[in-house]
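One structure is given below, encoded as structure tokens.
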Amino acid sequence: MRHRFVVIFLLVGGLMASSLCFAAQVEKKAAPAAYDFKGLMQKILDAWSTLDPAKAASFYAQEANRVFYDLAPLKYTGWKEYAEGVPKVLADYASLRLTVGKDATVHQRGNFTWGTTTWHADAVKKDGSKEAMEGRWTVLWEKRGDDWLVVHEHFSVPLGPPPAKK
Numbered sequence: 024m025r026h027r028f029v030v031i032f033l034l035v036g037g038l039m040a041s042s043l044c045f046a047a048q049v050e051k052k053a054a055p056a057a058y059d060f061k062g063l064m065q066k067i068l069d070a071w072s073t074l075d076p077a078k079a080a081s082f083y084a085q086e087a088n089r090v091f092y093d094l095a096p097l098k099y100t101g102w103k104e105y106a107e108g109v110p111k112v113l114a115d116y117a118s119l120r121l122t123v124g125k126d127a128t129v130h131q132r133g134n135f136t137w138g139t140t141t142w143h144a145d146a147v148k149k150d151g152s153k154e155a156m157e158g159r160w161t162v163l164w165e166k167r168g169d170d171w172l173v174v175h176e177h178f179s180v181p182l183g184p185p186p187a188k189k
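Oh and the sequence shown: position 84 is 107 in this note's numbering, straight run, nothing missing.
Spelled out as structure tokens, the structure:
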């Protein structure tokens with residue numbers, strides 16, 4: 024009887040141990056590969072810092088129905104409209120340096136990832152005057168093949184304080 028109890032105990036223990044190992048292997052395979060989205064955020068801002076939308080194009084989905092919210096105008100529909108509109112907004116600038124904030128966060132769910140961050144910009148206008156600004160950015164990526172492409176973003180600055188009441 025005692026021998027039978029020991030054998031059953033060893034069999035149950037062995038089954039439990041092997042199932043834990045199997046579960047760990049399944050969990051390992053199911054976890055998505057780590058990707059440096061915060062680094063990708065900075066690469067995208069570096070591309071925009073060139074003032075040339077063509078440098079940023081490879082980071083964006085090219086479909087005509089994609090919506091992108093930037094500083095101005097209210098919205099761009101499709102990459103083509105975005106690429107044609109941004110140079111008009113940036114026409115007065117000689118240089119731009121955009122930096123991702125330290126508060127950048129990303130959330131990945133399979134082939135979809137969203138990120139949020141604040142950003143800082145240092146700009147020099149063609150007349151030599153300088154501007155600095157702080158803003159916020161929400162970006163949505165979709166994995167297509169080996170690439171993570173921006174399928175939507177909202178890039179903005181907060182409104183200034185309301186005018187003083189008289």
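All residues carry an ideal CB built from backbone N, CA and C; glycine is no exception.
These numbers were taken from a predicted model, which means no experiment stands behind them.
Reduced DSSP category for residue i - H, G, I as helix; E, B as strand; rest coil
| i | result |
| --- | --- |
| residue 145 | strand |
| residue 75 | coil |
| residue 83 | strand |
| residue 117 | strand |
Exposure label - residue i; buried when at least 16 CB within 10 Å
| i | result |
| --- | --- |
| residue 73 | exposed |
| residue 138 | buried |
| residue 181 | exposed |
| residue 64 | buried |
| residue 117 | exposed |
| residue 2 | Missing from the structure shown is residue 2; the chain here goes from 24 to 189 and no further. |
| residue 82 | buried |
| residue 146 | buried |
| residue 112 | exposed |
| residue 136 | buried |
| residue 176 | buried |
| residue 49 | In this prediction, residue 49 has a pLDDT of 45, which is less than 50 and means its spatial position is unreliable; what the coordinates show is noted afterwards. The residue in question, residue 49, is exposed, as its Cβ has fewer than 16 Cβ neighbours within 10 Å. |
| residue 97 | exposed |
| residue 189 | exposed |
| residue 94 | exposed |
Rounded distance between the beta-carbons of residue j and residue i, thought under 8 angstroms
| i | j | result |
| --- | --- | --- |
| residue 140 | residue 160 | 5 angstroms |
| residue 88 | residue 108 | The Cβ separation is near 16 angstroms, so there is no contact. |
| residue 61 | residue 173 | So it is not a contact: roughly 15 angstroms between Cβ atoms. |
Host beta strand (DSSP E) of residue i (start-end)
| i | result |
| --- | --- |
| residue 124 | Unbroken run through residue 124: none, as it is neither H nor E. |
| residue 106 | From DSSP, residue 106 is part of no beta strand (DSSP E) but of the alpha helix (DSSP H) over 102-112. |
| residue 179 | 170-179 |
| residue 155 | 153-167 |
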